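Asks:
Chains as they are written, first to last, in the numbering used here: chain A, -18 to 124; chain B, 41 to 217.
1. Can you tell me the Cα-Cα spacing of residue 75 of chain A and residue 118 of chain A, whole angstroms?
2. Go ahead and pull the three-state DSSP assignment for residue 45 of chain A.
3. Enumerate in chain order the residues of its own chain whose CB-to-CB distance from residue 156 of chain B is below 7 Å, with the five nearest sequence positions on each side excluded.
4. So, is residue 4 of chain A buried or exposed, given that buried needs 16 or more other C-beta atoms within 10 angstroms?
5. Just reading off the beta strand (DSSP E) that residue 34 of chain A is part of, what are its end residues?
6. Measuring CB to CB, does residue 189 of chain B end up less than 7 Å from residue 80 of chain B?
7. Would residue 185 of chain B and residue 97 of chain B qualify as a contact pair, given that the criterion is a beta-carbon distance under 7 Å?
8. Regarding residue 197 of chain B and the ligand NAP, is the C-beta to nearest heavy atom distance less than 6 Å?
9. Suppose contacts are defined by Cβ-Cβ distances below 7 Å. Is residue 45 of chain A in contact with residue 17 of chain A by that definition?
10. Leaving out five residues on either side along the sequence, give the residues of the same chain with a beta carbon under 8 Å from the beta carbon of residue 57 of chain B.
11. Give, in chain order, every unbroken run of the beta strand (DSSP E) that is at least 3 residues long and sits entirely within the region 171 to 206 of chain B.
12. Determine the contact status of residue 120 of chain A and residue 99 of chain B, defining contact as a CB-CB distance below 7 Å.
13. Establish whether the CB of residue 4 of chain A and some CB of chain B are separated by less than 7 Å.
14. Going by CA-CA distance only, name the one from B:106, B:139, B:211 and B:151 that's closest to residue 121 of chain B.
15. May I ask you to list, following chain order, the residues of the region 148 to 175 of chain B that have a beta carbon less than 7 Å from some beta carbon of chain A?
16. Look up residue 9 of chain A in the DSSP assignment and say whether it is helix, strand or coil.
17. Measure from the C-beta of residue 51 of chain A to each C-beta in chain B and report whether the shortest distance is under 7 Å.
18. What runs of the beta strand (DSSP E), each 3 residues or longer, lie entirely inside the region 56 to 85 of chain B?
19. How would you list, in chain order, the residues of chain B whose beta-carbon sits under 9 Å from the beta-carbon of residue 84 of chain A?
20. Does DSSP classify residue 158 of chain B as helix, strand or coil?
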């Protein structure tokens, strides 16, 4: 019987990594950056049109996040900041979230206080991580 | 439920048509997404692809071992069990309507499979999280009979309608069926 790794190889031509790595990935087709800190089942919880929190199964622990429309937000709000591209990924993510919250996210899904709480949770989560991104993803995201 | 010897190709999925739940079509899965998820070895997301989209127990050594003594029936058919389809996801910074080519299948599965660090078998069946639904995102061509899955995830369920995602009226343009 083919294993999962073998099925991915035979049906997609994809090599699965041997162990889990917590690394931010950029999905260019949907212009979205996603970061997951643990190999677990994640439940997506939309904060606004830009930010989604990824909770663990119990919805008690933040285990990741998604930033949608990222290239748009990045090019419009982040790239003009001098030195931002030389900073580490954690700092860039925090800066991006702070700009998105204050300038462009809306309150369609959550009221201001709840949005503020959600952004704070994610920023606090990011500060405890050591987020990296593959070079190919970084170039695609920042293009 | 497909038995292990009947594992279909992972990149060809039988699914209900987004326009007519009684009609069957074939979907593919975007290789780029599988590549990304595989590159970080997010096994739980790949298990969800296998079981909650294709309706196949994740093919791992001794899969089914932890469920051998269970008397619970598992009739999961993956995406064929979808009970709702929405059209048009609203993308950020795009004001006028949603992306009409995107359809979102919503499923409320009974189970999911979880990755566990176990020497004998790393695949364990669990009840699907009660406060969540499973969403499969598909890009369709103009005729709506060729589609490609480009994402899948668990979404927080609407507390008032636990078979639907929270705020579906704001996320999508319309419910098709």
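In this text, a Cβ means the ideal position worked out from N, Cα and C, and glycines have one as well.
All figures in this text were calculated on a predicted structure; none of them were measured in a lab.
Replies: Let's see:
1. Taking the first residue of the first chain as 1, we reach residue 75 of chain A at position 94. Taking the first residue of the first chain as 1, we reach residue 118 of chain A at position 137. Rounded to the nearest whole angstrom, the CA to CA distance from residue 75 of chain A to residue 118 of chain A is 18 Å.
2. Locating residue 45 of chain A in the first chain gives position 64, where the first residue counts as 1. In the structure shown, residue 45 of chain A sits in a strand (DSSP, three-state: E or B).
3. Here residue 156 of chain B refers to the residue found at position 116 of the second chain. Here the set comprises 162 and 164.
4. Position 23 of the first chain, counted from the start, is the residue given in the question as residue 4 of chain A. Looking at its Cβ environment, which holds 16 or more other Cβ atoms inside 10 Å, residue 4 of chain A is buried.
5. For the purposes of this step, residue 34 of chain A is identified with residue 53 of the first chain, where counting begins at 1. First-last of the beta strand (DSSP E) with residue 34 of chain A: 32 to 36.
6. Your numbering for residue 189 of chain B matches position 149 in the second chain. Your numbering for residue 80 of chain B matches position 40 in the second chain. No, Cβ-Cβ distance for residue 189 of chain B and residue 80 of chain B is not below 7 Å.
7. Mapped onto the second chain, residue 185 of chain B falls at position 145. Mapped onto the second chain, residue 97 of chain B falls at position 57. No, these two residues do not count as a Cβ contact at 7 Å.
8. With respect to the ligand NAP, the structure shown offers nothing to examine, as it has no ligands at all.
9. Here the question's residue 45 of chain A lines up with position 64 in the first chain. Here the question's residue 17 of chain A lines up with position 36 in the first chain. Contact annotation: residue 45 of chain A and residue 17 of chain A have beta-carbon atoms nearer than 7 Å.
10. Here residue 57 of chain B refers to the residue found at position 17 of the second chain. Here the set comprises 63, 64, 65, 184 and 185.
11. 172 to 180 and 186 to 196
12. As a working mapping, residue 120 of chain A is identified with position 139 in the first chain. As a working mapping, residue 99 of chain B is identified with position 59 in the second chain. Not a contact, by the Cβ cut-off of 7 Å.
13. Within the first chain, residue 4 of chain A is the residue found at index 23, counting from 1. True, the Cβ-Cβ gap to chain B drops below 7 Å.
14. By 1-based counting over the second chain, the position of residue 121 of chain B is 81. It is B:151 whose Cα lies nearest to the Cα of residue 121 of chain B.
15. 152, 154, 155, 169, 171 and 172
16. As a position in the first chain, residue 9 of chain A is number 28, starting the count at 1. Residue state, collapsed to three classes: helix.
17. Numbered from its first residue, the first chain carries residue 51 of chain A at position 70. No, its Cβ sits nowhere closer than 7 Å to a Cβ of chain B.
18. 64 to 69
19. For the purposes of this step, residue 84 of chain A is identified with residue 103 of the first chain, where counting begins at 1. Within 9 Å Cβ-Cβ: nothing; residue 84 of chain A doesn't reach chain B, min ~12 Å.
20. Counted from its first residue, the second chain places residue 158 of chain B at position 118. DSSP places residue 158 of chain B in coil when its eight states are reduced to three.
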